[in-house]
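A.B. asks:
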Amino acid sequence: MKNLFNFLVSTTGGTITVIVLAVILLVILLVIIKGIKIVPQTQVYVVERLGKYYKTWGTGVHFLVPFIDRIASDPNVPLSGGKLDTPRLIGKVSLKEQVIDFDPQPVITKDNVTMQIDTVVYYQISDAKSYVYGVSKPLRALDNLTTTTIRNIIGSLDLDQSLTSRNIINEQMREILDEATDPWGIKVFRVEVKNIMPPKDIRDAMEKQMRAERERREAILLAEGEKKAAILKAEGIKESEILRAQAEKESAILRAEAEKEATIRKAEGQAEAIVKVNEATAQGLKMIKDVDVDKGVLTLKAYESLEKVADGQSTKIIIPSELQGLAGLALSASEIIKEGKKDNK
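Using our numbering, you'd call the opening residue of the sequence shown number 853 and step up by one each time.
1. Would DSSP call residue 963 helix, strand or coil?
2. Report yes if the C-beta distance between residue 917 and residue 909 is below 8 Å; otherwise report no.
3. When DSSP labels each residue in this structure, what does residue 1072 get in the three-state scheme?
4. Going straight from the alpha carbon of residue 1054 to that of residue 979, what length do you get?
5. Kindly indicate which residue of 904, 973, 1047 and 1021 has the alpha-carbon position closest to the one of residue 953.
6. Please report the distance separating the alpha-carbon of residue 894 from that of residue 988.
7. Give the C-beta separation of residue 943 and residue 883 to the nearest angstrom, bearing in mind that I take them to be a contact with Cβ-Cβ under 8 Å.
8. Below 8 Å between beta carbons: does that hold for residue 1025 and residue 1048?
9. Would you decide whether residue 958 is buried or exposed? Buried here means 16 or more other CB atoms lie within 10 Å of its CB.
10. Can you give, in chain order, each stretch of the beta strand (DSSP E) that sits fully within the stretch 897-930 and has at least 3 residues?
11. Enumerate in chain order the residues of its own chain whose CB-to-CB distance from residue 1003 is below 6 Å, with the five nearest sequence positions on each side excluded.
12. Which residues in the same chain as residue 891 place their Cβ atom closer than 7 Å to its Cβ, once the five residues preceding and following it in sequence are excluded?
13. Go through its chain and collect everything with a Cβ distance to residue 1001's Cβ below 6 Å, but skip five positions before and after it.
Right, here's the structure in full:
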């Protein structure tokens, strides 16, 4: 072999032969290098062998047999540039959760109101093989399915229900889309109605209604505020009147207690004075009883008593029988006393 190589080199055409061999080796090396495929994280490759599904590659290093194996592609799915003559390698499937924001679609409500609705779909490819072979243009199919679904749901609702039932619409769409796209290897997680745009005249009417509603609520809040202020004011007056009445009541009670105490004190004083007078009288009588007073003294005291009686306004005087013998003397004394008083006047 070595001799053959030396022979070729030594010949005239040896140089050309070496160049050809080098080119062949380089091509083989490039083909081998090109056949080495590295599958990134969160991706899988759908591989075909001789035009038929072979296997699905997960993350890691793989070797694609030249001219026999290939990554699945679809000539009907254009690249982002939109050129149909460049098929897209749909066999490179991302397993990440993805978002599609569909363009606004015209829909008609149950009460024949046409409006624009755009939706956002959150999905993930759960089966790469079904995604590649289940339907042609899977994302276009998902777009069309979303459009027909939203039209069917909105068609069963009137305008007011459509505007106030977003959560119900979202959940119904998610259930329908998830079930319909399951054979395509697509899992729909969420569907969100992003915008609902009624016609301009309806929007103007709704804006007027909202403005009137805001004004009504403002008036209600103002009236409630005034009502609460009036209630608080009335409660304040009520509390003030109650406190004033309580103060007057307590003051009257204190005055009555004071008057009661004063009356009691006065009565006690009068009672004590009466007791003292009675005691003094009794003491005097006792002393008179104890002392042996002669008849002349008693007669003199009787005269003094008659003199006091004569000072009164009575015109009749009753004299005890013991003193009847002395009546003339007493009357004479009375006349003398009266004349003395007249002279003094």
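By construction, the Cβ of each residue, glycine as well, lies at the ideal position given by its N, Cα and C atoms.
Every value quoted in this text rests on a predicted model; they were computed, and no experiment measured them.
C.D. replies: Based on what the coordinates show:
1. Residue 963: coil per DSSP, three-state reduction.
2. In this structure, residue 917 keeps its C-beta atom at 8 Å or more from the C-beta atom of residue 909.
3. Annotated three-state conformation of residue 1072 is helix, per DSSP.
4. The alpha-carbon atoms of residue 1054 and residue 979 are separated by roughly 45 Å.
5. For the residues 904, 973, 1047 and 1021, the minimum Cα distance to residue 953 belongs to 973.
6. Between the alpha carbons of residue 894 and residue 988 lies a distance of about 23 Å.
7. Going by Cβ atoms, the distance from residue 943 to residue 883 rounds to 20 Å, so no, they are not a contact pair.
8. Their beta carbons are not under 8 Å apart, which means residue 1025 does not touch residue 1048 by this criterion.
9. Burial call: exposed.
10. Positions of the beta strand (DSSP E) runs, each at least 3 residues long and wholly inside the stretch 897-930, are given as 904-909, 912-915, 921-923 and 926-930 in order along the chain.
11. Cβ within range, chain order: 959.
12. Here the set comprises 897, 909, 910, 911, 912 and 914.
13. Hits under 6 Å: 1025 and 1028.
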